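J.: Numbered as in the working numbering, the sequence shown ends at 498 without a single skipped number. Positions of the beta carbon are idealized from the N, C-alpha and C atoms, including for glycine. These numbers come from a predicted model, not from an experiment.
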Amino acid sequence: MTAGTERDTARRVAVIGAGAGGVCAAKHMIAAGFDVTVYEAGSNIGGLWVYDNDNGRSQAYRNLSIISSRRFTRFSDFDFDDRTPRFPTHRDMARYLDSYARHFGVAERIRFRTPVAQVKPAFDPASEPPRWVVTTRDGEQAEFDAVLVATGHLNEPNHVPQLQAFGGEYRHSSSYRFADDLVGKRVCVVGVGNSGVDIASDVCSVAARTVLVARSGVVIQPKVLFGIAFSDIAISLRRRWIPAWLRNRMIKAVVYTAHGDLNRLGIRPPKGRTHPTLSESIVADIEYNRVAVKPGITSIDGRKVTFADGSSEEFDVLFGATGYVVSLPFIPPDVVPVQGNHVDLYKRIFSPDWPGLCFVGMLNPLSTLNRIFEEQSRLIALHLAGDVSLPSREVMRADIDAKNQRSAAIYTESPRHEMEEPDFGYMEELHALASGRPRGTRRRLGAPPMREAYEALTRRSGPPAGAS
């Protein structure tokens with residue numbers, strides 16, 4: 031398909047999901063002049079940040095606050111309102127996203143309580159321009175020139191059969207809301223990601239016993255160090271002129287300054303690179319014996335859990351903080367097959383086989399997603415408008431394979447790392463594709479290669495939420 035053909039025909043765009051990625055994508059499509067329809071299964075804007083969202087995909091618990099500072103969580107052209115704390119709560123995030131959508135004219139494009147049942151191509155990709163049929167759950171159909179899937183990858187809980195065999199009350203961490211119903215109970219939390227440590231810290235003040243199972247090595251970083259948000263420190267160190275080995279050593283030194291050697295508490299370091307966990311309280315909870323740490327589970331017999339160190343205990347409730355699996359039930363698997371726990375997409379965005387099918391947020395970066403949503407959405411808008419062309423299917427496939435191999439070689443083997451991306455390097459890839467310049471070439475005299483990516487992550491402009 032030629033750029034001119036795309037410019038003439040790609041006018042109607044469907045966006046699936048009104049969470050952060052969806053409203054950001056819709057905002058950029060509207061600004062580019064497309065006729066946009068947003069499909070949202072629930073009644074609210076904000077996706078997983080909406081507490082008890084009636085779309086059935088909320089994972090927000092009562093005491094949830096985000097792990098990155100508001101400085102690096104906001105979109106570049108719209109700030110949080112003045113009452114928002116440095117680490118916004120889920121309520122702050124939902125309010126912010128709602129204000130963002132209303133400010134940029136996205137809200138009136140959203141069809142609430144309209145779940146999508148199927149997204150299906152109605153064209154031959156070898157010879158015809160893209161036409162996509164979106165079918166809602168009530169049977170209504172509409173045709174679009176492009177579909178942007180913004181449902182994310184945190185929508186299907188990963189239930190581990192071994193944990194489901196627990197004889198007491200088994201719950202996935204996504205169902206946790208508050209600790210009120212756990213007073214005096216013996217609680218086991220399996221998993222040391224952000225949700226797992228948050229739940230352990232939340233319930234330990236009321237539970238009779240709280241055990242955190244660290245099945246694999248993990249890096250636990252503080253949320254605040256010396257009065258500075260740790261996310262701000264980490265992002266400030268991600269510059270091209272700081273070698274990766276030096277940056278990693280600096281971050282490790284800073285973490286050691288805050289926590290010391292966590293081996294003494296039963297927290298083992300990872301064997302390879304891994305997605306870090308941020309918590310302001312879990313290390314203190316472990317230090318003061320409010321939370322006990324155990325290695326992996328070897329067996330479960332009724333309510334009795336036996337651990338890898340040979341010890342065993344009985345529990346009343348077991349939480350599986352075991353992550354999520356990628357699920358795209360509304361797209362036929364012969365159109366977009368799920369490979370393991372990821373989808374093969376060019377630059378984590380574009381289907382290499384089906385023009386006009388794009389994804390926003392189908393990745394797991396080290397820092398905040400919102401700025402990456404912006405960069406993805408800008409690139410999609412440029413492509414659909416005909417200003418950026420994609421390479422051949424063969425080139426895209428080769429790029430996807432190389433990216434998968436790199437992730438497998440660098441990161442600890444686990445489902446969550448199949449979509450892991452180094453944020454600045456990834457944003458530089460998107461800038462290179464958007465500008466037509468090879469990755470790593472200088473954008474202007476004297477500027478480091480990643481200057482634009484860094485500025486995209488740190489720039490501030492635009493009104494605060496609630497401004498007219």
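Three or more C-beta pairs under 8 Å: does that hold for the stretch 413 to 422 against the stretch 352 to 363?
T.: no
J.: In angstroms with no decimal places, state the Cα-to-Cα distance between Arg167 and Leu292.
T.: 50 Å
J.: Please go through the same chain and pick out, in chain order, the residues whose beta-carbon is closer than 7 Å to the beta-carbon of Phe260, but skip the five residues on each side of it.
T.: Closer than 7 Å at the Cβ level, and outside the excluded window around Phe260, lie Gln251, Pro252, Lys253, Val254 and Leu308.
J.: Please name the residue in Asp210, Leu178 and Glu404 whose C-alpha comes closest to that of Ala375.
T.: Position check: residue 375 holds Leu in this sequence, whereas Ala was assumed. Comparing Cα positions, the closest option is Leu178.
J.: Would you identify the three-state DSSP class for Leu358, choosing helix, strand or coil?
T.: coil
J.: Is Leu409 buried or exposed, if buried means 16 or more other CB atoms sit within 10 Å of its CB?
T.: buried
J.: How should Gly226 be labelled, buried or exposed, when 16 other C-beta atoms within 10 angstroms of its C-beta is the threshold for buried?
T.: buried
J.: Ignoring anything shorter than 3 residues, give me the beta strand (DSSP E) runs that lie fully in the stretch 379 to 403, in order along the chain.
T.: Fully enclosed beta strand (DSSP E) runs of 3 or longer: 387 to 389.
J.: Express the C-alpha separation of Trp162 and Pro150 in angstroms, rounding to a whole number.
T.: The sequence given here places Lys at residue 150; Pro does not occur at that position. If you take the alpha carbons of Lys150 and Trp162, they lie about 6 Å apart.
J.: For the beta strand (DSSP E) that contains Asp331, what are its first and last residues?
T.: Ile327 to Asp331
J.: Give the secondary structure of Glu310 by DSSP, where H, G and I count as helix, E and B as strand, and everything else as coil.
T.: coil
J.: Could you pull the start and end residues of the beta strand (DSSP E) that Phe349 belongs to?
T.: Residue range Val347 to Gly350 is occupied by the beta strand (DSSP E) that includes Phe349.
J.: Quick check on DSSP: helix, strand or coil for Glu158?
T.: In the structure shown, Glu158 sits in coil (DSSP, three-state: anything other than H, G, I, E or B).
J.: Please report the distance separating the alpha-carbon of Ser41 from that of Phe117.
T.: Residue identity differs from the one stated: residue 41 is Arg in this sequence, not Ser. Arg41 and Phe117: Cα-Cα distance of roughly 38 Å.
J.: Considering Ile46, what are the terminal residues of the beta strand (DSSP E) in which it resides?
T.: Arg42 to Ile46
J.: Starting from Leu127, trace the alpha helix (DSSP H) in both directions and tell me its first and last residue.
T.: His120 to His133
J.: Can you tell me where the alpha helix (DSSP H) holding His58 begins and where it ends?
T.: Ala50 to Ala61
J.: Quick check on DSSP: helix, strand or coil for Asp210?
T.: helix
J.: In whole angstroms, what separates the C-alpha of Val236 from that of Tyr206?
T.: 15 Å
J.: With a threshold of 16 other CB atoms inside 10 Å of the CB of Gln406, please say whether the residue is buried or exposed.
T.: Burial call: buried.
J.: Just to confirm before moving on: does the CB-CB distance between Gly182 and Gly51 stay below 8 Å?
T.: Contact flag set, yes.
J.: For Gly76, which of Asn224, Tyr130 and Val43 has the nearest alpha-carbon?
T.: Tyr130
J.: Check this for me: beta carbons of Cys54 and Glu451, under 8 Å apart or not?
T.: no
J.: Taking all protein chains shown into account, decide if Pro191 is buried (16 or more other Cβ within 10 angstroms of its Cβ) or exposed.
T.: Around the beta carbon of Pro191, fewer than 16 other beta carbons lie within 10 angstroms, which makes this residue exposed.
J.: With DSSP collapsed to three states, give me the class of Val323.
T.: strand
J.: Given a threshold of 16 other Cβ atoms within 10 Å of its Cβ, counted over all protein chains shown, does Arg25 qualify as buried or as exposed?
T.: Here the chain covers residues 31 to 498 and nothing more, so residue 25 does not appear.
J.: Measure the C-alpha to C-alpha separation of Ile312 and Cys234 and round it to an integer number of angstroms.
T.: Cα to Cα, the separation comes out at about 10 Å.
J.: Excluding five sequence neighbours on each side, which residues of the same chain lie with their C-beta closer than 6 Å to the C-beta of Ala62?
T.: Ala411 and Ala415
J.: Please state whether DSSP places Asp429 in a helix, a strand or coil.
T.: helix
J.: Quick check on the burial criterion: 16 or more other C-beta atoms within 10 angstroms. Buried or exposed for Val425?
T.: exposed
J.: Let me know if Leu463 comes out buried or exposed under the rule of 16 or more other beta-carbons within 10 Å of its beta-carbon.
T.: buried
J.: If we call anything under 8 Å between Cβ atoms a contact, is Thr67 one with Arg132?
T.: no
J.: How should Lys57 be labelled, buried or exposed, when 16 other C-beta atoms within 10 angstroms of its C-beta is the threshold for buried?
T.: buried
J.: If we count Cβ pairs, one from each stretch, closer than 8 Å, do we get three or more for the stretch 388 to 399 versus the stretch 427 to 439?
T.: No: the two stretches stay apart, fewer than three of their Cβ pairs being nearer than 8 Å.
J.: Using a Cβ distance threshold of 8 Å, determine whether the stretch 275 to 288 contacts the stretch 335 to 353, with at least three qualifying pairs required.
T.: no
J.: At what residues does the alpha helix (DSSP H) containing Arg100 begin and finish?
T.: Here the alpha helix (DSSP H) through Arg100 covers Arg100 to Thr103.
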